[in-house]
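Q:
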Amino acid sequence: MKKFILFIPFLSFAFEDCRPSISLEQAINNARQHVGTVQSAQLSQNKKTGECFYRVRGTEGTAVIDAKDGKLLRFTRKR
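FYI, the numbering for the sequence shown is 29 to 107, going by my numbering.
Here it is, written out as structure tokens:
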């Protein structure tokens, strides 16, 4: 149990480095043309590179939007 308690502050510290330049609303607007009706959106961070991005899920698929400039990084269509 002690290991789990010591690990929690480390996780919160890792996500403090992620400071997006665009808002969540801007990311949703950029992704809406690809994903259709937006169902969920969240800010995430790559563990290896520390890159911040928004993951926007919708009726047509999932879009990954760069949190710095708002460009589409990846789109995956639903089957």
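Just so you know, even glycine gets a beta-carbon here, dropped at the ideal spot from N, CA and C.
Here the structure is a predicted model, which is why all the values come from computation and not from measurement.
Residues in the same chain with beta-carbon distance under 7 angstroms from Arg-102, minus the five sequence neighbours each way, listed in chain order, please.
A: So the qualifying residues of the chain are Val-92.
Q: For Ala-69, name the three-state secondary structure that DSSP assigns.
A: If DSSP states are grouped into helix, strand and coil, Ala-69 belongs with the strands.
Q: Regarding Lys-76 and the ligand FMN, is the C-beta to nearest heavy atom distance less than 7 angstroms?
A: Of the ligands one can find in the structure shown there are none, so the ligand FMN has no counterpart to examine.
Q: Which residues bound the alpha helix (DSSP H) around Ala-55?
A: Note, Ala-55: alpha helix (DSSP H), 52–63.
Q: Output needed for Arg-105: all residues of its chain with C-beta closer than 6 angstroms, excluding positions within five of it in sequence on either side, in chain order.
A: Closer than 6 angstroms at Cβ, skipping near neighbours: Gly-89.
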